[in-house]
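Peer 1: Keeping their order, the protein sequence lines are chains A and B. Sequential numbering from 1 applies to the first sequence in my numbering. Sequential numbering from 473 applies to the second sequence in my numbering. Glycine included, C-beta positions come from ideal geometry on N, C-alpha and C.
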Amino acid sequence: MEPLSWTGAMGPVLNPLLLAAVAVFVVSLAVQVVLSLVTTRPVPDGPTLSAPRSLSDYAGLGVTAGFGLAVLVCLAYLVGGLVIPGYEAKGILGCLSQRLWPVWLSLVVVFVLSFGFKRRLGLYGKLFDSTIGMLGFALVMFWVFAGIYGAMDLILTHDPLSQVSGMKNKVPGTPLSGAEDGDYPYYLLGGDNLARDVFSRMIAGAWEVIKIAPFATLFAFMVGITLGLPAAYYGGKLDTVLSFAANLILAFPVILLFYLLVTPEIVATGIPVYMAAVLFVFPILFFVVLFNSRFHTQPQKRAVYIGITLVLGLWLYLGIAWNADPLGIISFPPNLLVVFVSVVFVNSPTVFRIVRGLALDIKTRDYVAAAQTRGEGPWYIMLWEILPNARGPLIVDFCLRIGYTTILLGTLGFFGLGLSPESPDWGSTINEGRKLLSIYLHPAITPALALLSLVLGLNLLADGLREESLRD
Amino acid sequence: MALFILRRVGIMILTAICLTFIVFFLTNLYPNLEKLAKTEGNQRMSDEQVELWLANRGYDRNLFVKYGEWLGVVPGYVIEDADGTVRGRCFGTGEEPAGARRFCGVLQGDWGQSTRFGEPVQDIVFKRLGLTGWLMLAVMCVMVPGALIIGVLAGMREGSKLDRSLSTVSILTTATPEYVSGVIFIAVFASSAVGLKWFKGTATSAMDDITFANFTLPVLTIALYGMGYIARMTRASMAEVMTAQYIRTARLKGVSFRAIVLRHALRNALIAPFTVIMLQFPWLLNGVVIVETLFNYKGFGWTLVEAAGNNDIELLLGVSVVSVFVVLITQLISDVGYVFLNPRIRVT
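#1: So what's A:Gln300 in DSSP terms, helix, strand or just coil?
#2: Within 10 angstroms of its Cβ, does A:Ala448 collect 16 or more other Cβ (buried), or is it exposed?
#3: Helix, strand or coil: how does DSSP classify B:Ile682 here?
#4: Measure from the alpha carbon of A:Leu318 to the alpha carbon of each residue in A:Ala276, A:Leu107, A:Val341, then state which is nearest.
#5: Please compile the residues from chain B whose C-beta is within a distance smaller than 8 Å of the C-beta of A:Ser36.
#6: Mind listing which residues of the segment 496–507 of chain B have their C-beta closer than 9 Å to chain A's C-betas, in chain order?
#7: What whole-angstrom Cβ distance do B:Thr499 and B:Leu800 have, given they're in contact under 8 Å?
#8: Rounded to whole angstroms, what's the CA-CA distance from A:Val476 to A:Gly94? Just pull it up for me.
#9: Have a look at the DSSP bridge pairing and note the partners of B:Glu552.
#10: Does the contact criterion of 3 or more C-beta pairs under 8 Å hold for the segment 197–212 of chain A versus the segment 439–453 of chain A?
#11: If you measure from the beta carbon of B:Ile643 to each beta carbon in chain C, is any gap under 7 Å?
#12: Return the CA-CA distance between A:Leu285 and A:Ala321, expressed in angstroms with no decimal places.
#13: Does the beta-carbon of B:Glu506 have 16 or more other beta-carbons within 10 angstroms, so that it is buried, or is it exposed?
#14: Does the segment 655–671 of chain B touch the segment 725–735 of chain B, meaning 3 or more C-beta pairs lie closer than 8 Å?
#15: Using a Cβ cut-off of 7 Å, which residues of the segment 649–665 of chain B contact any Cβ in chain A, in chain order?
#16: Assign A:Ser423 to buried or exposed, taking buried as 16 or more other Cβ atoms, counted over all protein chains shown, within 10 Å of its Cβ.
#17: Using a Cβ-Cβ cutoff of less than 7 Å, which residues in the same chain neighbour A:Ser130 once the five nearest sequence positions on both sides are dropped?
#18: Following the continuous alpha helix (DSSP H) through A:Gly357, name the residue where it begins and the one where it ends.
#19: Under the rule that 16 or more other beta-carbon atoms within 10 Å means buried, what is A:His296, buried or exposed?
#20: Can you find a CB in chain A that lies within less than 7 Å of the CB of B:Ile782?
#21: Show which residues of chain B have a CB atom less than 9 Å away from the CB atom of A:Gln32.
#22: Give, in chain order, every unbroken run of the alpha helix (DSSP H) that is at least 4 residues long and sits entirely within the segment 640–716 of chain B.
#23: Assuming A:Arg99 and A:Ile148 are in contact, meaning their beta carbons sit under 8 Å apart, how far apart are those beta carbons, in whole angstroms?
#24: For the alpha helix (DSSP H) holding B:Asn758, just list the boundary residues, first then last.
#25: A:Leu18 touches chain B at which residues, Cβ-Cβ below 7 Å?
#26: Closer than 8 Å, Cβ to any Cβ of chain B: which residues of the segment 389–418 of chain A, in chain order?
#27: What residue ranges within the segment 140–216 of chain A form continuous beta strand (DSSP E) runs of no fewer than 3 residues, ordered along the chain?
#28: For B:Thr683, which of B:Leu804, B:Glu778, B:Leu607, B:Gln803 has the nearest alpha-carbon?
#29: List the residues of chain B that A:Asn169 touches, going by C-beta distances under 8 Å, in chain order.
#30: Taking 8 Å as the threshold, find out whether the segment 254–272 of chain A comes into contact with the segment 302–317 of chain A through three or more Cβ pairs.
#31: When the Cα of A:Ile212 is compared with those of A:Thr405, A:Gly116, A:Ile381, which residue comes out closest?
#32: Would you check if the distance between the CB atom of A:Leu491 and the CB atom of A:Ile92 is smaller than 7 Å?
#33: Could you have a look at B:Pro592 and say whether DSSP puts it in helix, strand or coil?
#34: So A:Ser453 is in the alpha helix (DSSP H); what residue range does that whole segment cover?
#35: Is it right to say B:Ser518 is buried, meaning 16 or more other beta carbons lie within 10 angstroms of its own, or is it exposed?
#36: Would you call B:Gln752 buried or exposed, if buried means 16 or more other Cβ atoms sit within 10 Å of its Cβ?
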């Protein structure tokens, strides 16, 4: 079989078009930027609606047209992959698009639904007013869906761990040697130096990130909020001690901390388990205090909420931190736990500082004074008066921090810490691929671009959210 | 002011003691010591032999005493083992215990012996630190002016096309960790298969002789990640200053836009980025470790990886002390400098 070309049958038509579109976009963007540097916008004279078009306006038109055309061509590649029959005619891009069809479907559904109910969805709905925010959201959701469907085995073309002889370091689009019926006949993004499929490993790596990063960030937020609010609200000794501890952890170079914490020897001493035992108490504490402060005047409701929190929380706590789930459903492998714990540990002091800063500002507001006059308890004020009013910056920071956590996980993988050497996570894959980087690019570049696009998506999403939350 | 600096220095020393103690504790955990005994002694030692080996070298005593010895505030141990060999912290095997100093720790300039390199730790650390110093210097020369220019250009006309383009660029660079941008740079500029072959993909030769070809990629890789963050801070600070009353006054007086930016806005807008740049040092240290591994430049970060990977306890401790001090001193400079730069803050 012939190796696949990148664009298949669509190439001869679409490639020149894409080149032209990109060229127009780049040239007009450059012109526009230079113009905005040297000229100031002429002030319209009197009540006119249509000012004469300047060069800058034409450049703007060129930017929009070039960008739009490039997007359309890219869409055409993807749609072509879904529509055109035959691997050869689809090309690599088309085949990729066809493998990813559940992701496209889910993205379309999410976007159509969100657009339809935009005005009823609060801050999330407002996200769809900003192009940057939508772009970021699309990138993030792409990887989320790719990770989930990858784990459900809907996308992978091959097993990410199995090696196929004769496929070592093969370039993208190489036909599978010795393919049998039912095997996917190509390595779409090539093979790595152990002859594994790069595409399948990339998708499997997305799942590694999706299943750790958001939860680790969430835990870090719980810890940071539970400690940061009282530090700001009470101040005094408590604040001094907690701030000192936070600064202590922040003064550690992250990599040194990882090298000290994420080693098999440390796992053997059980320190990660104790750290997990301490850190994972905070979410339970957070929810118990949250419900208690709200419903302490309604004992029945309080009993229900706190009961549910405690049962669920302790079950998860035993399962995750101590690996001792009485029902045997949750199990957390020790080397994943140490990765999780160290990421939470590194992130929580920064969250603590942010929460503390926000709370220090908000506690001087009138509505806090009003609540104090009403005789509300301190925890009610912290969790139901201060925290909801700090949500905007916290949500934005949450998105940014998931990105940062993704980078940290990649760093851990890059140094071969924690995760198993076979693990398909992006950091380990980049580390493996870099050794032959000067000869074979694809094994390292693929996960690198994947990581870049996910983190970029999260950053854009955060930027869009910030813009939209500042608007009102 | 003197009192303020004194208090900051006090806190700094306290922090340094806490941090080094944590590192000491983590590196001196029993599994690490067991591994040390087995690599230094014999791989097939039994548990009793390991314990004896450790006891003869003073590893089995109280953690605080050991920390005190390492720091140099507690007299070094002298242990006579069962067969009459006398070992001490402050003298080598075979030397006379009588002539040795009583204290030998970090404070006395005695940082121990590296098991990985077989040299005194302080020699290795400072030699490697010198190499990394050049890297850092080059990074600072690229990153700081670049970030400030991008930030000021973006912030002086908030919302303009220039601002949007530059902000997008800075978001892109903050989203690219060193191990991603390094890989992409090598692929584009140094790969022998495809790519431009402008630069070299390794910086090993830069240890002796820094050239444009072997030093550009590592420097760019580190600088890029920090650049976006500083640029965004500068942009925010600049945008805020541009809406200030005195800028409006200057405009109404008829001062030209160029003069407003250069003479009125710039100085006030650069106070906040100063702190940010100083606080970037801990992150730069991360970048240095990644980039030195990626480009095989045997500096400080590479030493950290080697020390940690080979369970070289004394060297790892030495590296931690230096990195912790670098971080803390930059924090101190940032605090003090902020007070100096910003006339609105008075320390009493």
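Peer 2: This is what the structure gives:
#1: Counted from its first residue, the first sequence places residue 300 of chain A at position 300. The answer is helix: DSSP assigns A:Gln300 an H, G or I state.
#2: Here residue 448 of chain A refers to the residue found at position 448 when the first sequence is read from its first residue. Here A:Ala448 is buried, its C-beta having at least 16 other C-beta atoms within 10 Å.
#3: As a working note, residue 682 of chain B is residue 210 in the second sequence. If DSSP states are grouped into helix, strand and coil, B:Ile682 belongs with coil.
#4: Reading the first sequence from its first residue, position 318 is the one you call residue 318 of chain A. A:Leu318 has its Cα closest to that of A:Ala276, out of A:Ala276, A:Leu107, A:Val341.
#5: Walking along the first sequence from the start, residue 36 of chain A turns up at place 36. By Cβ distance, chain B contributes Arg629, Ser632, Lys633, Leu634.
#6: Taking 9 Å as the Cβ-Cβ cut-off against chain A, the residues of the segment 496–507 of chain B that qualify are Leu498, Thr499, Leu501, Tyr502, Pro503, Asn504, Glu506, Lys507.
#7: For the purposes of this step, residue 499 of chain B is taken as the residue at position 27 of the second sequence. For the purposes of this step, residue 800 of chain B is taken as the residue at position 328 of the second sequence. Contact flag wrong, Cβ pair sits at about 19 Å.
#8: Outside the modelled stretch of chain A, which goes from 1 to 472, sits residue 476 of chain A, for which no answer is possible.
#9: The sequence position of residue 552 of chain B within the second sequence is 80, counting from 1. Beta-bridge pairing links B:Glu552 to B:Val558.
#10: Touching, yes.
#11: In summary, chain C is missing from the structure at hand, where the protein chains are A and B.
#12: Residue 285 of chain A sits at position 285 when you count from the first residue of the first sequence. Residue 321 of chain A sits at position 321 when you count from the first residue of the first sequence. So the two alpha carbons sit approximately 15 Å from each other.
#13: As a first step, residue 506 of chain B must be located in the second sequence, where it is residue number 34. Buried, by the Cβ-count rule.
#14: Contact fails between the segment 725–735 of chain B and the segment 655–671 of chain B, because fewer than three Cβ pairs, one in each stretch, are under 8 Å apart.
#15: Against chain A - using a Cβ distance shorter than 7 Å - the residues of the segment 649–665 of chain B are Pro649, Tyr651, Val652, Val655, Ile656, Ile658, Ala659, Ala662, Ser663, Ser664, Ala665.
#16: Taking the first sequence and counting its residues from 1, the one referred to as residue 423 of chain A is at position 423. When all chains shown are included, A:Ser423 counts as buried.
#17: The residue given as residue 130 of chain A occupies position 130 in the first sequence. Only Gly464, Glu467, Glu468 meet the Cβ criterion.
#18: Taking the first residue of the first sequence as 1, we reach residue 357 of chain A at position 357. Residue range 334–362 is occupied by the alpha helix (DSSP H) that includes A:Gly357.
#19: As a first step, residue 296 of chain A must be located in the first sequence, where it is residue number 296. Looking at its Cβ environment, which holds fewer than 16 other Cβ atoms inside 10 Å, A:His296 is exposed.
#20: Taking the first residue of the second sequence as 1, we reach residue 782 of chain B at position 310. The sequence as given places Asn at residue 782 of chain B; Ile does not occur at that position. At least 7 Å separates the CB of B:Asn782 from every CB of chain A.
#21: The residue you call residue 32 of chain A lines up with position 32 of the first sequence. Lys633, Leu634, Ser637, listed in chain order.
#22: With a minimum length of 4 residues, the unbroken runs of alpha helix (DSSP H) contained wholly in the segment 640–716 of chain B fall at 650–657, 684–714.
#23: Residue mapping note: residue 99 of chain A aligns to position 99 of the first sequence, counting from 1. Residue mapping note: residue 148 of chain A aligns to position 148 of the first sequence, counting from 1. Between A:Ile148 and A:Arg99 the Cβ distance is about 15 Å, and since that is not below 8 Å, they are no contact.
#24: Mapped onto the second sequence, residue 758 of chain B falls at position 286. Unbroken alpha helix (DSSP H) run through B:Asn758: 753–767.
#25: By 1-based counting over the first sequence, the position of residue 18 of chain A is 18. Here the premise fails: no neighbours, minimum Cβ distance about 19 Å.
#26: Result list: Gly403, Ile407, Gly410, Thr411, Phe414, Phe415.
#27: DSSP runs (the beta strand (DSSP E)) wholly in the segment 140–216 of chain A: none.
#28: Numbered from its first residue, the second sequence carries residue 683 of chain B at position 211. If you compare the alpha carbons of B:Leu804, B:Glu778, B:Leu607, B:Gln803 with that of B:Thr683, the shortest gap goes to B:Leu607.
#29: As a working mapping, residue 169 of chain A is identified with position 169 in the first sequence. Correct list: empty, because the minimum Cβ distance to chain B is about 11 Å.
#30: Judged by pairs of C-beta atoms under 8 Å, the segment 254–272 of chain A does not touch the segment 302–317 of chain A, as fewer than three such pairs exist.
#31: Stepping through the first sequence from its first residue, residue 212 of chain A is reached at position 212. In terms of Cα proximity to A:Ile212, the closest of A:Thr405, A:Gly116, A:Ile381 is A:Thr405.
#32: Here chain A covers residues 1 to 472 and nothing more, so residue 491 of chain A does not appear.
#33: The count along the second sequence starts at 1 and reaches residue 592 of chain B at position 120. Residue state, collapsed to three classes: strand.
#34: Sequence index remark: in the first sequence, residue 453 of chain A carries index 453 (1-based). Note, A:Ser453: alpha helix (DSSP H), 442–471.
#35: For the purposes of this step, residue 518 of chain B is taken as the residue at position 46 of the second sequence. Taking all protein chains in view, the Cβ of B:Ser518 is surrounded by fewer than 16 other Cβ atoms within 10 Å, so the residue is classified as exposed.
#36: Looking up residue 752 of chain B in the second sequence gives position 280. Counting C-beta atoms within 10 angstroms of its own C-beta, B:Gln752 has 16 or more neighbours from the protein chains shown and is therefore classed as buried.
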